[in-house]
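Numbering (the numbering used here), first residue to last: -5 to 409.
Every residue, glycine too, gets a C-beta built ideally from N, C-alpha and C.
The structure displayed is predicted, hence computed values, not measured ones.
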Ligand SMILES: Cc1ncc(COP(=O)(O)O)c(C=O)c1O
């Protein structure tokens, strides 16, 4: 079943949790040696890599050391090329619509800075926008006179589709929103936004950095023209990897902000020709081991099934949220109608950094999200920082119990 956000859901996933018997949790944990070392609720930072990914990366690094980097790349040609096919399956697009780039930010930048803004043209964005994107908006506003406008949230704290509809006019050049923000469980209504963009023939750039890998993403259903994400988070790929999707008929209209001899060919003394596929957004030198590992990570996610991953991640996160909400002095801050694997909270009287430190001493990994990463949202809610606990399918109910028992004891001991 597909919901309006372009996500496939179990009907009422809270009532039909993906539990131990439906999801082979033992295998998931066997494949994830890190589970024995830590309680990892920092999947929105970087998830624990599964064995096949680690093997692919280290195997290629070893090959580079043994036979030479260029020779290893040649020998692994098929595995390197496979990453484009893997993403085409994951996102429901064509392999030539994918560029592999070193992280989500640079992938997003390559698309955004390719857009030729004129003075007065409007960029519509979300309250939850990621800092690096907003900094780029500010730079383009200063350099080219583009105008940044923020779509208000609705009563549930997600992008108001109604408000967006009312903001559309001839001067809107781009709708650029963050699907799942870095600092909480919100899932913005990407598909409804896509419908508006399509009807009005406006370019739509989706930052899907936190959503790819934890939920099904179909670029055709969402209707985005460009989409960026990273390898190390919910996809469980290696660090230093990311990708960009650009719709086929848009690729050749976009001149990348940076070119090299991989993105373009120097054909005569005064002339270059930019390649016709999305690899025009890549550069020549690349992290081959990471690229191979990223392809394996996508295959690995596809083998589990994105619907099953999403059902289990939402179930675990909603369990964690419910348990935390029951602890006195704990405030849970997640917005939106539909929530994902990220759970954000604070404890009255304690700074998020102190809480993170206490948890780290117990080998429990969380992250602290600060206002500087999502300033519009955090300043708007008067939140300088929150603890971000983000679960993945290999986490367990037992880990949630252990985590919440510790938080609960901590609050009791310090009241
Ligand atoms: C929503 C969002 N967008 C973009 C990024 C940047 O990703 P990367 O560090 O791979 O550039 C992040 C990282 O946390 C993020 O959460």
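Beta-ladder partner(s) of residue i, from DSSP
i, result
"residue 93", "238"
"residue 36", "384"
"residue 138", "DSSP, once it has assigned bridges, lists no residue as partnering residue 138."
"residue 118", "143 and 169"
"residue 341", "324 and 344"
"residue 199", "170 and 220"
"residue 258", "268"
"residue 336", "384"
"residue 359", "34"
"residue 180", "333"
"residue 379", "364"
"residue 424", "The structure shown has nothing for residue 424, since the chain only spans -5 to 409."
Proximity test, residue i beta-carbon vs ligand 1 heavy atom, cut-off 7 Å
i, result
"residue 334", "no"
"residue 277", "no"
"residue 231", "no"
"residue 120", "no"
"residue 204", "yes"
"residue 126", "yes"
"residue 103", "no"
"residue 236", "yes"
"residue 183", "no"
"residue 99", "yes"
"residue 371", "no"
"residue 172", "yes"
"residue 328", "no"
"residue 201", "yes"
"residue 280", "no"
"residue 44", "no"
"residue 259", "no"
"residue 175", "yes"
"residue 26", "no"
"residue 390", "no"
"residue 224", "yes"
Residue closest to residue i, alpha-carbon to alpha-carbon, out of the options
i, options, result
"residue 371", "350, 48, 330 and 389", "330"
"residue 71", "87, 57 and 82", "57"
"residue 80", "270, 118 and 93", "93"
"residue 369", "31, 175 and 99", "175"
"residue 155", "129, 184 and 305", "184"
"residue 73", "409, 287, 362 and 158", "287"
"residue 179", "241, 239 and 122", "122"
"residue 75", "273, 406 and 41", "273"
"residue 169", "208, 193, 118 and 162", "118"
"residue 196", "219, 304, 37 and 61", "219"
"residue 242", "129, 77, 91 and 30", "91"
"residue 355", "33, 279, 103 and 194", "33"
"residue 230", "17, 20 and 36", "36"
"residue 88", "21, 212 and 191", "212"
"residue 114", "138, 98 and 133", "138"
"residue 221", "203, 134, 407 and 234", "203"
"residue 186", "167, 157, 206 and 166", "157"
"residue 341", "16, 77 and 349", "349"
"residue 343", "375, 408, 393 and 310", "408"
"residue 271", "291, 38 and 247", "247"
"residue 309", "199, 394, 49 and 277", "394"
"residue 30", "277, 358 and 347", "358"
"residue 192", "159, 314 and 27", "159"
Beta-carbon proximity of residue i to residue j, cut-off 8 Å
i, j, result
"residue 23", "residue 388", "yes"
"residue 164", "residue 296", "no"
"residue 141", "residue 116", "yes"
"residue 257", "residue 237", "no"
"residue 145", "residue 120", "yes"
"residue 208", "residue 304", "yes"
"residue 281", "residue 44", "no"
"residue 104", "residue 250", "yes"
"residue 227", "residue 366", "no"
"residue 405", "residue 381", "no"
"residue 177", "residue 402", "no"
"residue 345", "residue 317", "no"
"residue 332", "residue 181", "yes"
"residue 335", "residue 385", "yes"
"residue 254", "residue 102", "no"
"residue 217", "residue 188", "yes"
"residue 51", "residue 376", "no"
Neighbour flag for residue i against chain B, beta carbons, 8 Å
i, result
"residue 269", "Here there is only one protein chain, and chain B is not present."
Residue i Cβ short of 7 Å to ligand 2 heavy atom set
i, result
"residue 251", "No copy of ligand 2 occurs in the structure displayed; its ligands are ligand 1 alone."
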